Amino acid sequence: MTTQTTRKKRTPGGPQAAGSAGAVRPQVVLLGTGGTIAGTSPRVGDDVGYTAAQRGIGTLLGTLGPALQAGPGRGVDLQSEQVAQIDSKDMSHAVWRRLAERAAWHLGRPEVAGVVVTHGTDTLEETAYLLHRVLAPAKPLVLTAAMRPADALLADGPQNLLDAITAAAQGPGQGLGGVMLALAGRLWAGAQARKVHPYRLDAFDAGDAGALAHVEQGRLRLLRTWPPAGLEPLGLQVLAADIWPEVQIVTSHAGADGRLVDLLLDSGVQGLVVACTGNGSIHHDLLAALLRAQRQGVMLLRALRQGSGCIVAGDAVGLPDAGSLTPAQARVELLLRLLARQA
Ligand code: SIN
């Protein structure tokens, strides 16, 4: 784990610094976990054949140099810490726990205005949802990422990182806090965001919920406030278990059957998310196996395959549903419910 501190001279327009001379400059902590934002490519201009998680968070911060001197990041005190260095497709429970612990620790420091996490885009929606449920912080915890590697001819990472710093420093003054994502000039609620494109720079949206804000020239243009009042965090202790429950995702589709569910039952699965068709419908052969699993104590949750909307109440299936969560986020929700039950 490395720590680097850079200090800037002038005061930004952020909430912590606004007001009288001598006000404390906002302090923002950057936690690096890898991803394409830290990736490098063996061939100049290759934005798909790269290796993620090659550059440290201190190096990524270094690329912001001029923007920190004269641009929107001026006046923010920045510290960085490398929490992990992985391609986020390989995200593990151990990294989640470590990240949640480090984020909670820094957010608990009175002098810290907010925390920024650099992360891969592939499981970003899962990590964001986990941090939202476990920490539900009042201060901004802003995750950011990139669709092109750090050494791309036209890399998107530096602007995204700068926007995340802006959100962390200025968010509270504009009614924004909690877990958020900063990508391609917009802020998304961590509990609602999802990856919707494998290549485009604006690869995220939030289903029906829409964005929270635009980030333009180092300023936030607010669309709605976040987080809602009264969120209760599960707390870090929910992640303490050495062995996490087994929760899998099965998909309903043409020709689906129950064989996979029966195999998972035999292997001791404790939770199943069903990625459903339509308004939460499930192939009748798969449903029969799921009901068998439910009778044996497996926790079930339905989510929608199509990536937006939520199951409209009153449908015939009657199994619990995960609202507007994606199947991957619903899996995190089920995991946390099972962890909370055994904690
Ligand atoms: C990753 O998720 O770590 C790689 C892909 C990306 O960041 O876009």
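For the sequence shown, position 145 (counting from the first letter as 1) is numbered 145 according to this note's numbering, and the numbering increases by one without interruption.
Glycine included, every Cβ here is placed at the ideal spot set by N, Cα and C.
Since the model is a prediction, treat every value here as computed from it, not as a measurement.
C-alpha distance - residue i paired with residue j, whole-angstrom precision
i: G271; j: A53; result: 31 Å
i: Q329; j: P42; result: 33 Å
i: G175; j: W226; result: 7 Å
i: G49; j: A229; result: 43 Å
i: A168; j: D262; result: 46 Å
i: A21; j: V116; result: Low local confidence applies: a pLDDT of 45 at A21 is under 50, so the model's placement there is unreliable, with the coordinate-based value given in what follows. Taking the straight line joining both Cα atoms gives about 26 Å.
i: L336; j: R55; result: 31 Å
i: Q159; j: G75; result: 17 Å
i: P327; j: D266; result: 22 Å
i: R341; j: V142; result: 28 Å
i: I249; j: R302; result: 10 Å
i: V332; j: T40; result: 30 Å
i: G190; j: T144; result: 11 Å
i: P245; j: V269; result: 8 Å
i: L339; j: A240; result: 9 Å
i: R292; j: H197; result: 36 Å
i: T166; j: L264; result: 45 Å
i: L124; j: L107; result: 20 Å
i: E126; j: Q79; result: 25 Å
i: G218; j: A313; result: 42 Å
i: S324; j: V273; result: 13 Å
Extent of the continuous alpha helix (DSSP H) to which residue i belongs
i: W96; result: H93 to L107
i: R292; result: H284 to R295
i: H395; result: Examination of residue 395 is not possible in this model, given that the chain is present from 1 through 343 alone.
i: L78; result: Where L78 is concerned, there is no enclosing alpha helix (DSSP H), although the beta strand (DSSP E) it sits in stretches over D77 to I86.
i: G65; result: G65 to Q69
i: V332; result: P327 to Q342
i: A168; result: G157 to Q170
i: L60; result: I57 to G62
When the options are compared against residue i, the one with the closest alpha-carbon
i: F204; options: S308, E333 and G114; result: S308
i: T251; options: L304, E111 and M91; result: L304
i: L60; options: T118, P110, K89 and V112; result: T118
i: D156; options: R200, L339, R97 and A189; result: R200
i: I37; options: V215, Q170, T63 and C276; result: T63
i: T121; options: A209, M147 and R97; result: M147
i: G255; options: A211, H284 and V274; result: H284
i: G35; options: Q296, G258, D151 and D257; result: D151
Distance cut-off 7 Å: residue i Cβ against heavy atoms of ligand 1
i: T118; result: no
i: G34; result: yes
i: S92; result: no
i: D208; result: no
i: D205; result: no
i: S88; result: yes
i: A52; result: yes
i: T123; result: yes
i: M147; result: yes
Enclosing beta strand (DSSP E) for residue i [first to last residue]
i: P149; result: Run containing P149: none; DSSP gives neither H nor E here.
i: L30; result: Q27 to G34
i: A182; result: G178 to L183
i: E216; result: A213 to E216
i: T118; result: V112 to T118
i: L300; result: M299 to L304
i: L187; result: R186 to A189
is_contact[residue i, chain D] using C-beta, thresh 8 Å
i: R194; result: Within the model displayed, chain D is absent; a lone protein chain is all it includes.
TODO: May I have a chain-ordered list of the alpha helix (DSSP H) segments no shorter than 4 residues that lie completely inside the region 249 to 285?
DONE: 259 to 266
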